[in-house]
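Notes follow once the structure below has been shown.
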Amino acid sequence: MLKVENLYVRYGMIEAIKGISFEVNDGEIVTLIGANGAGKTTTMHTISGLLKPASGAVLLDGTDITKVPSHKIVSMGLAQVPERRRVFAEQTVEENLDLGAFTRKDKDGIKKDMEEVYELFPRLKERRTQLAGTLSGGEQQMLAMGRALMAKPRIMLLDEPSMGLSPLLVNEIFRIIKDINQRGTTVLLVEQNAKMALAIASRAYVLETGKITLEGTGEELARSEQVRKAYLGG
Amino acid sequence: MSAFNQFLMQLINGLNIGSIYALIALGYTMVYGIAKLINFAHGDIIMVGAYISLVLLGTGLPWWLVCLLTIIACAVLGVVMEKVAYKPLRKASRISLLITAIGISYLLENLFQLIFTANPKPYPGFITLPPIVLGSITISSNYYITFIVSVTLMIILNLFVQKTNMGKAMRAVSEDEGAARLMGINVDTTISLTFAIGSALAAIAGILYSNCYSPINPTMGSLPGIKAFIAAVLGGIGSIPGAVLGAFILGMVEAMTKAYISSQFLDSIVFTILILMLILKPAGILGRNVKEKV
Ligand SMILES: Nc1ncnc2c1ncn2[C@@H]1O[C@H](COP(=O)(O)OP(=O)(O)OP(=O)(O)O)[C@@H](O)[C@H]1O
Ligand SMILES: [Mg+2]
């Protein structure tokens with residue numbers, strides 16, 4: 207479904223991504239783990255079209271989308287839950303969800319999906335008229351996920367959804383990611399919480415300072431000496 | 050005239066000039082909210098609107114068609130201005146944007162001076178209705194038409210921004226452009242729309258202003274433009290209700306100063322208010338204290 211080929215991304219003179227390749231197949235949960243500054247967010251932004259690569263390709267169902275404007279990528283079926291959630295703080299929960307469905311025209315479908323999002327996150331339903339900026343961190347994460355679901359994506363990108371959440375909430379978020387995947391959405395998950403991410407991933411890649419240094423199934427990487435030392439605390 | 054009636058007249062004056070400032074201030078504040086840019090050429094759109102409507106009136110078209118065509122022409126001008134002058138500079142420093150804006154302002158003023166000369170041209174008060182008589186005071190239609198039209202437009206604009214998908218998209222872009230892109234919002238379209246709406250409102254302000262204060266000249270837009278900018282800053286630049294509030298406060302202060310303090314020092318008093326405001330409450334009355342985005 208999604209294939210990244212020999213991607214290079216620069217910020218001015220700094221080369222943040224140095225020729226990475228990976229793929230996400232239909233129905234999979236694929237995770238990209240790596241330390242601070244490894245280039246995870248840069249990769250996610252490039253896939254969504256917020257950044258243009260210096261070279262390389264991002265193929266969505268075989269079409270190169272590196273020259274497609276970001277707003278069209280969403281209607282091609284790719285949505286992203288950005289790092290630090292970035293909900294629209296001055297709009298209500300419901301307005302945020304409406305914005306998630308911005309590219310869609312099917313009013314009935316949107317209504318149905320909103321009910322589904324509220325079913326998945328009952329707390330959002332209780333707070334539907336509340337400004338998103340007044341939600342707790344966990345609720346904002348749920349809203350950011352619900353908002354991405356409203357685009358009815360075939361593939362969903364999540365950038366560190368567990369950041370700053372309590373262990374209990376982290377479990378809840380990962381359970382929901384699995385649930386979203388089981389309902390038919392392909393998932394690309396970026397995480398520093400390698401343990402949880404590897405536990406739900408079909409396949410995983412390790413990103414280190416702009417290069418992919420290791421890949422395998424979630425289980426394989428969880429057992430690998432290198433990963434255990436660097437990311438799982440021994 | 051009794052002291053009370055005189056006060057009432059000043060109140061009406063204040064509302065009138067306040068509603069003109071509000072129409073202009075909305076353009077400043079919306080463009081700033083979305084493009085983070087002070088469009089100093091915005092005031093000149095008022096002048097462009099005044100001249101276009103004057104020329105169209107000369108052709109004998111019905112008044113409503115004159116208004117409509119003027120509004121469309123100014124909206125197009127606003128969009129073209131953004132595409133040609135500002136869009137290529139979107140990643141440039143604020144100072145280059147500011148210089149560009151001042152440049153466009155001079156360009157427009159000089160262009161119209163070239164076409165119409167610097168001599169003031171009389172503007173026919175073409176929108177008139179019977180005056181309203183309230184006891185011993187008479188309100189000419191210029192005053193209440195301006196007020197009613199402005200307030201109606203502000204209500205429509207508010208509904209648009211609050212309720213429609215495009216309005217939500219505009220607010221989203223103004224809050225976090227990157228996140229808005231991730232929603233599938235076309236930021237370029239949103240910016241164009243903002244310039245179009247702002248310029249359309251300025252065109253209407255130009256017509257209403259000229260309708261009240263004939264004659265017109267090529268630099269007529271700069272002072273009301275600056276005053277409206279002050280109103281927008283006073284209310285909190287980026288905030289729509291703030292711009293309206295700031296404009297009415299400024300209109301009132303102006304009317305009262307003129308009547309009771311001094312018409313000579315009017316503008317110095319207005320600028321003093323701006324400076325005091327910037328010192329005491331830099332974000333404006335209804336402005337949010339946003340940290341600069343990184
Ligand atoms: N806007 C920018 N300008 C210049 N350099 C940047 C910019 N954004 C990121 N970088 C650099 O690119 C590299 C990769 O950053 P990136 O944000 O992609 O890392 P990350 O893996 O997401 O890290 P984290 O886990 O902390 O979110 C870092 O060295 C960072 O300093
Ligand atoms: Mg990151």
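If you're matching them up, the sequences are chains A and B in order. Under the working numbering, read the first sequence as residues 207 to 440, first letter to last. Under the working numbering, read the second sequence as residues 50 to 343, first letter to last. Built from N, CA and C at the ideal position, the CB exists for glycine as well.
Alpha carbon to alpha carbon, how far is residue 302(B) from residue 52(B)? Give it in angstroms, no decimals.
Looking up residue 52(B) in the second sequence gives position 3. Looking up residue 302(B) in the second sequence gives position 253. In a straight line, the C-alpha of residue 52(B) is about 18 Å away from that of residue 302(B).
Could you tell me which chain A residues have their CB closer than 8 Å to the CB of residue 235(B), listed as they occur along the chain?
As a working note, residue 235(B) is residue 186 in the second sequence. Result: 275, 277.
Own chain residues within Cβ distance below 7 Å of residue 397(A), not counting five before or after:
In the first sequence, the residue the question calls residue 397(A) occupies position 191. Result list for residue 397(A): 237, 239, 366, 368, 403, in chain order.
Does DSSP put residue 343(B) in a helix, a strand or coil?
By 1-based counting over the second sequence, the position of residue 343(B) is 294. Model confidence at residue 343(B) stands at a pLDDT of 34, short of 50, so the residue's coordinates are unreliable and nothing is read from them.
Three-way DSSP call (helix, strand, coil) for residue 353(A) in this model:
In the first sequence, counting from the first residue as 1, residue 353(A) sits at position 147. Residue 353(A): helix per DSSP, three-state reduction.
Please work out which residues of its chain come closer than 7 Å, Cβ to Cβ, to residue 283(A), disregarding the five sequence neighbours upstream and downstream, and give them in chain order.
Looking up residue 283(A) in the first sequence gives position 77. So the list reads 359, 360, 361, once near-sequence residues are dropped.
Could you name the residues of chain D that residue 357(A) contacts, counting a contact when the two beta carbons are closer than 8 Å?
The structure shown has no chain D; the protein chains it does contain are A and B.
Residue interval of the alpha helix (DSSP H) (run including residue 205(B)):
In the second sequence, residue 205(B) corresponds to position 156, counting from 1. It spans 190-212 - the alpha helix (DSSP H) in which residue 205(B) sits, taken as one unbroken run.
On the criterion of 16 or more Cβ atoms from any shown chain inside 10 Å, does residue 276(B) qualify as buried, or is it exposed?
On the second sequence, position 227 is the one that residue 276(B) refers to. Burial call: buried.
With distance defined between alpha-carbon atoms, name the residue in 59(B), 174(B), 75(B) nearest to residue 273(B).
As a working note, residue 273(B) is residue 224 in the second sequence. Nearest C-alpha to residue 273(B): 75(B).
What's the gap between the Cα of residue 102(B) and the Cα of residue 148(B)?
Counting from one through the second sequence, the residue named residue 102(B) turns up at place 53. Counting from one through the second sequence, the residue named residue 148(B) turns up at place 99. So the alpha carbons of these two residues sit roughly 29 Å apart.
Cβ neighbours of residue 375(A) in the same chain (closer than 6 Å, five flanking residues each side left out)
The residue labelled residue 375(A) in the question sits at position 169 within the first sequence. Closer than 6 Å at the Cβ level, and outside the excluded window around residue 375(A), lie 344.
Does at least one heavy atom of ligand 2 sit under 7 Å from the Cβ of residue 365(A)?
In the first sequence, the residue the question calls residue 365(A) occupies position 159. Yes.
Looking at chain A, is there any beta carbon in it that lies within less than 8 Å of the beta carbon of residue 131(B)?
Here residue 131(B) refers to the residue found at position 82 when the second sequence is read from its first residue. False, the Cβ-Cβ gap to chain A never drops below 8 Å.
Relative to ligand 1, is the shortest distance from any of its heavy atoms to the C-beta of residue 352(B) smaller than 7 Å?
Shown here, chain B extends from 50 to 343; a query on residue 352(B) therefore has no answer.
Inter-residue Cα distance where the pair is residue 246(A) and residue 382(A):
Against the first sequence, residue 246(A) aligns to sequence position 40. Against the first sequence, residue 382(A) aligns to sequence position 176. Residue 246(A) and residue 382(A): Cα-Cα distance of roughly 22 Å.
Give me the chain A residues within the contact set of residue 333(B), using Cβ-Cβ distance strictly less than 9 Å, ordered along the chain.
Numbered from its first residue, the second sequence carries residue 333(B) at position 284. Those within 9 Å of residue 333(B) in chain A number zero; the least Cβ separation is about 16 Å.
Examine chain A for any beta-carbon lying closer than 8 Å to the beta-carbon of residue 218(B), and answer yes or no.
One-based indexing of the second sequence puts residue 218(B) at position 169. So, interface residue.
For residue 346(A), does the three-state DSSP call read helix, strand or coil?
The sequence position of residue 346(A) within the first sequence is 140, counting from 1. It is helical.
Measuring only from the beta carbon, is residue 249(A) closer than 7 Å to any heavy atom that is part of ligand 2?
On the first sequence, position 43 is the one that residue 249(A) refers to. Not under cutoff, so the answer is no.
Mind checking the segment 302-313 of chain A against chain B and listing, in chain order, the residues whose C-beta falls within less than 8 Å of any C-beta there?
304, 305, 306, 308, 309
Using the Cβ count rule (16 or more neighbours within 10 Å means buried), how would you classify residue 173(B)?
For this step, residue 173(B) is matched to residue 124 along the second sequence. Answer is exposed; the Cβ neighbour count stays below 16.
Can you list, in chain order, the residues of its chain whose CB lies under 7 Å from that of residue 153(B), leaving out five sequence neighbours each side?
By one-based count along the second sequence, residue 153(B) stands at place 104. 90, 130, 134, listed in sequence order.
Taking Cβ to Cβ, would you say residue 251(B) is nearer than 8 Å to residue 70(B)?
Here residue 251(B) is taken as the residue at index 202 of the second sequence, counted from 1. Here residue 70(B) is taken as the residue at index 21 of the second sequence, counted from 1. It is not a contact, given that the beta carbons lie outside the stated cut-off.
Per-residue burial, residue 325(A) [other beta carbons within 10 Å of its own, 16 or more giving buried]
Here residue 325(A) refers to the residue found at position 119 when the first sequence is read from its first residue. Label assigned to residue 325(A): exposed.
Check residue 217(A) in the structure and name its three-state DSSP category.
Taking the first residue of the first sequence as position 1, residue 217(A) is located at position 11. Of the three classes helix, strand and coil, the one that applies to residue 217(A) here is strand, per DSSP.
For chain A, check one thing: does any of its Cβ atoms lie closer than 8 Å to the Cβ of residue 214(B)?
Mapped onto the second sequence, residue 214(B) falls at position 165. Yes, because at least one Cβ of chain A sits closer than 8 Å to the Cβ of residue 214(B).
For residue 422(A), I'd like the list of residues in its chain whose CB is within less than 8 Å of its CB, leaving aside the five on either flank, ordered along the chain.
Reading the first sequence from its first residue, position 216 is the one you call residue 422(A). Hits under 8 Å: 409, 410, 430.
For a quick check, are the C-beta atoms of residue 66(B) and residue 188(B) less than 8 Å apart?
Here residue 66(B) refers to the residue found at position 17 of the second sequence. Here residue 188(B) refers to the residue found at position 139 of the second sequence. Not in contact: residue 66(B) and residue 188(B) (Cβ atoms no closer than 8 Å).
Determine whether the Cβ of residue 447(A) lies closer than 8 Å to any Cβ atom of chain B.
This structure cannot settle anything about residue 447(A), because the visible part of chain A is limited to 207 through 440.
Residue 227(B) at chain A interface by Cβ criterion, 8 Å:
Here residue 227(B) is taken as the residue at index 178 of the second sequence, counted from 1. Residue 227(B) counts as touching chain A.
C-alpha gap between residue 204(B) and residue 312(B), whole angstroms
Along the second sequence, one-based indexing puts residue 204(B) at 155. Along the second sequence, one-based indexing puts residue 312(B) at 263. Each residue's alpha carbon lies about 32 Å from the other.
Residue 223(A) - partner residues in DSSP beta bridges:
Along the first sequence, read from residue 1 onward, the residue named residue 223(A) stands at position 17. BP columns for residue 223(A) point to 215(A).
For residue 224(B), decide whether its Cβ has a neighbour in chain A, counting only Cβ atoms nearer than 8 Å.
Within the second sequence, the letter at position 175 stands for residue 224(B). At least one chain A Cβ lies under 8 Å of residue 224(B).
Please check if any C-beta of chain B sits within less than 8 Å of the C-beta of residue 256(A).
Counting from 1 along the first sequence, the entry for residue 256(A) is found at position 50. Residue 256(A) counts as touching chain B.
Can you tell me whether residue 397(A) is helix, strand or coil according to DSSP?
For the purposes of this step, residue 397(A) is taken as residue 191 along the first sequence, with counting starting at 1. Three-state result, residue 397(A): strand.
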